[in-house]
Structures are given as structure tokens and as C-alpha cells.
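Peer 1: Numbering (my numbering), first residue to last: 56 to 108. The C-beta atom is built at its ideal place from N, Cα and C for all residues, glycine as well. After the C-alpha cells below, expect a handful of questions from me.
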């Protein structure tokens, strides 16, 4: 599995009242939904895109 690193200020997490792990989960879900809506991935791939290791 590939990895992407995004550096964000702590204020991003506190503004949404999320832990960094919850934020990552939300980002993965949002990306999977976006790619699915653009028909770049199939519904079969979505759970794999959202799953955490």
C-alpha cells in the first residue's frame, strides 16, 4: 500500500474536534466518495480505499 503524508496544523484537528486518527478516517472516506462520484473507482474498491491498516 502506498502512503501520503500531509502536514497540517493542530488547529485543523481541534477545529473539528477530532483526533488525528479520526481526521485520517474522514479524509479516506471523503477521497473514496469523491473518486467514486467521478467514476474513477468502482463501488467494489471503495471499502478497500477506506479501510485502515
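1) Quick check: what's the CA-CA separation for residue 69 versus residue 56?
2) Between residue 107 and residue 80, is the Cβ-Cβ spacing less than 8 Å?
3) Kindly indicate which three-state DSSP category residue 56 falls into: helix, strand or coil?
4) From residue 105 to residue 77, what does the alpha carbon distance come to, in whole angstroms?
5) Give a yes or no on whether the C-beta atoms belonging to residue 99 and residue 91 are separated by under 8 Å.
Peer 2: In short, the structure shows the following:
1) 29 Å
2) yes
3) coil
4) 12 Å
5) no
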